[in-house]
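**Student:**
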Amino acid sequence: MRSRRHVLIIACFCCLLFSLVSATRVQKASKKHLARVKQLLNSEAERNNALIQSDSVDVFDNIRRNPNAGTHHDELAVNNADEYFQGDVDLSEQQVKIIEDQFVEGKREKRKIGRNPLYKKWDSRGGPISFDYAESIPFQTRQKIRSAMLLWQQHTCIRFEEGGPNVDRLEFFDGGGCSSFVGRVGGTQGISISTPGCDVIGIISHEIGHSLGIFHEQARPDQERHIAINYNNIPLSRWNNFQAVGENHAETYNLPYDTGSVMHYGAYGFASDPYTPTIRTLERIQQSTIGQRAGPSFLDYQAINMAYDCTEHCPDLPCLRNGYPHPNNCSTCACPEGLSGKFCEQVYPSNGQCGGVIFATKEVKYITSPNYPDKFPLNTECNWIIAAPIEGRVFMEFEGDFDFLCEDTCDKAYVEVKYHSDKRLTGARFCCSLLPKNRFISFKNEMIIIMRGYRSTGAGFKAKFWSNLGEPEGVITPMPPTTAPLSEITEEPEPETTTTLPPTTTTTLPRRVSKKHFFTRKPLTPVPTTTPTPTTTTTETTTTFTTESTTTTSPTQPTFLTGETEITTARTVATFFPKLSTILPPVNPLAGVLPSTQAPDIINSVLECGCGSWAEWHGECSQQCGGCGHRLRKRECKKQACRKEEKRPCNFSACPDGTNFLINNSEFHILWRGCCVGLFRSGDQCSALETESNPFFKIINSLLNIQDAKNNETLIEKRMMRGEH
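Printed below as a string of structure tokens:
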């Protein structure tokens, strides 16, 4: 009896101890210590900025805020910047000490995922991440927090458990702002979600991203190669918010810089003059892309999947267009936005009279938003793949009326042009009513166009496109498999065709969910759904093709359990706004528009040379310093003419003073101030600064008048848009 009493006492003591630990949140660093760190960073920024004179051309003087644009809402609009690190990041006392020590020891180095020991990941083997709500979080905000968690859970292997048993845990509370620690700090760490202000799913997903270990995108070590900071428009006390995190505390996993990351600042954060940006993208057409708060991007998810080894259990898959095995379903690929299919071989279905795959030739063709020039329906989603012949490029220009909801950052109603070879990259987004004057040129033979129409309707857009090459000889247009004989596809006008879809229902298999778990860590199994074959009515001699298509939804929808209330949340794809339909619509009545449903190897041989996925970067850098070296990766291609090798520069630390050239690994490189010719020294780093910021060009430009310098800048930009890069 006594032993039972002792056991009961010990159990009660443990429960009391656990409740005390979980009830006490990790304390933030004192304002005094935080101010000290900011002062160190401000001083460093001041020294670095002094290396680049600004007496020639102002790279921001021709960029002004659209006076009709609404201010885009993000965490910086809510927070008091004096209370946080980099606008919304909480630091512990231990983290402050580590940062201070690296300055004292002279170890400051020039982030996507934080490295140890300053920033720590969660233990992926310890089960789901436990979390709780403070009493200050109202019911509706809790629903939005669950939706934000669901976005991360659907696209990564991260799982969350409300009221879980772990000592290291998250607690959502209203601290008067939007903030989070970066990574795991130990014990109960708070995520402040103030209501109103921070109770937006995109902002919440941003703060959860911090807690998982993601930094601000604009503070990556390679910041200078992608954006320019306008320190002339930022108070000196705020310069610390734009400094890159050291490479000794960060890991990018060789992922490309993402202007569409939910972790990226907007263009006007901390601006003294609200009509002049503080951040300018070096690719000018990306300016309205940065700062979105709709939800995590494809690369945000991939960063977490790589950091937590989410796909290490998956076999290799022949994923196309930069997809990779889905962490929750290894038999299919996670695809960049605008793409779908088991291997990313298809265009993602649109929900209106728009979208599809279009083959570009020298003949000019057009695409428009639905109902153009009248208003498109609310919540419209359109996706197009425009494909040129294998060795060709796609050219596109907007014309006519152009009308979308107008904000500084385009993340609700906009048209997006994805012209890069890497389809993971967010494209150039355009909104408002100012017609884009650019001519867009794809880096390879494909361009993806995405249109979204959330929150507001408008006239939308009209765009013309063409290729520099005609129809390639011997190319057969990909068609869906069918039991009927295929007629020849020609450019002759076709009689009018009407397609009707019968009513459909989607049945989802029931799934047991423990009342204790908000999310389960068990891999999610996709549930196939079938779209019935459309019935087709055709006049005269036209032949149309239909097929029964099977789509796979991955992952299945988890059920949220909170007390006695059961809430089922439907899966959304890269957005949390309402979807009207997930059924592939009838083909848009434009010449050459076809839904891409062919097998991936056939699509690949027609459009992408039959190349497999790139292997991992291998080998050490060929040079130890100066940015002269490179690493190599390879892939297999069916066609000999296709590019099978790719190199990327590496080791950007400046070489020791007095080193004038490098001879190593059968390479010869000339150095200037310790950097490979073509790169320029900034502190102890070699950077590919843009033309106006290079010290060498500063000297040249000082001999020119300002207008000549601007003309040179415009010429460089035009060459890039023509594909001369």
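Residues -23 to -1, 1 to 702 (mature numbering (1 follows the signal peptide of the UniProt record, and there is no 0)) are what the sequence shown spells out, left to right. All residues carry an ideal CB built from backbone N, CA and C; glycine is no exception.
(1) What is the rounded straight-line gap between the Cα of residue 374 and the Cα of residue 167?
(2) Pairing CB atoms from the region 419 to 437 with CB atoms from the region 282 to 291, are three or more of them under 8 Å?
(3) According to DSSP, simplified to helix, strand and coil, what is residue 280?
(4) Taking the beta strand (DSSP E) that residue 659 falls in, what are its first and last residues?
(5) Tell me whether residue 249 is buried or exposed, calling it buried when 16 or more other Cβ atoms sit within 10 Å of its Cβ.
(6) Tell me whether residue 102 sits in a helix, a strand or coil according to DSSP, three-state version.
(7) Given a threshold of 16 other Cβ atoms within 10 Å of its Cβ, counted over all protein chains shown, does residue 416 qualify as buried or as exposed?
(8) For residue 446 versus residue 409, is the C-beta spacing smaller than 9 Å?
(9) Between the alpha carbons of residue 19 and residue 63, how many angstroms are there, rounded?
(10) Compare the Cα-Cα distances from residue 711 to each of 199, 200, 138 and 128 and report the closest residue.
(11) Can you have a look at residue 144 and say buried or exposed, based on whether 16 or more other CB atoms are within 10 angstroms of its CB?
(12) List the DSSP bridge partners of residue 67.
(13) Is it right to say residue 609 is buried, meaning 16 or more other beta carbons lie within 10 angstroms of its own, or is it exposed?
(14) Considering only the alpha carbon of each residue, which of 240, 318 and 78 lies closest to residue 95?
(15) Verify whether the separation of the beta carbon atoms of residue 207 and residue 253 is less than 9 Å.
(16) Looking at residue 325 and residue 310, is the spacing between their C-beta atoms short of 9 Å?
(17) Per DSSP, what kind of secondary structure is residue 59 in: helix, strand or coil?
(18) Residue 121: buried (16+ other C-beta within 10 angstroms of its C-beta) or exposed?
(19) Could you work out which residue in 201, 368, 135 and 306 is closest to residue 100 when comparing CA atoms only?
(20) What is the residue span of the alpha helix (DSSP H) that residue 125 lies within?
(21) CA-CA distance, residue 6 and residue 69?
(22) Can we count residue 112 as close to the ligand MN, meaning its CB is less than 8 Å from some heavy atom?
(23) Run through DSSP, which three-state label would residue 376 get?
(24) Apply the 10 Å Cβ neighbour rule to residue 431 and answer buried if 16 or more other Cβ atoms are within range, or exposed otherwise.
(25) Are residue 708 and residue 192 close, meaning C-beta to C-beta below 9 Å?
(26) CB-CB under 6 Å to residue 260, same chain, minus the five flanking residues each way: which ones, in chain order?
(27) Opposite residue 606 in the DSSP bridges: which residues?
(28) With distance defined between alpha-carbon atoms, name the residue in 444, 240 and 57 nearest to residue 343.
(29) The beta strand (DSSP E) that contains residue 169, what's its start and end?
(30) Look at the alpha carbon of residue 46 and the alpha carbon of residue 275, and state the distance between them as a whole number of angstroms.
(31) Check residue 49 in the structure and name its three-state DSSP category.
(32) The beta strand (DSSP E) with residue 188 in it runs from where to where?
(33) Between 181, 406, 597 and 157, which has its C-alpha nearest residue 273's C-alpha?
(34) Going by beta-carbon coordinates alone, are residue 421 and residue 370 separated by less than 9 Å?
(35) I think residue 353 touches residue 346, with their Cβ atoms under 8 Å apart; what is that distance to the nearest whole Å?
(36) In the structure shown, what three-state DSSP assignment does residue 340 receive?
**Tutor:** Reading it off the structure:
(1) 48 Å
(2) no
(3) helix
(4) 657 to 659
(5) exposed
(6) helix
(7) exposed
(8) no
(9) 12 Å
(10) Residue 711 cannot be examined here, being either before or after the span of the chain that is shown, -23 to 702.
(11) exposed
(12) 158
(13) exposed
(14) 78
(15) yes
(16) no
(17) helix
(18) buried
(19) 135
(20) 116 to 132
(21) 5 Å
(22) Only the bare structure without any ligand can be found here, which leaves the ligand MN out of the picture.
(23) coil
(24) buried
(25) Here the chain covers residues -23 to 702 and nothing more, so residue 708 does not appear.
(26) none
(27) 627
(28) 444
(29) 165 to 170
(30) 27 Å
(31) coil
(32) No beta strand (DSSP E) contains residue 188, which is instead part of the alpha helix (DSSP H) from 178 to 189.
(33) 181
(34) yes
(35) 5 Å
(36) coil
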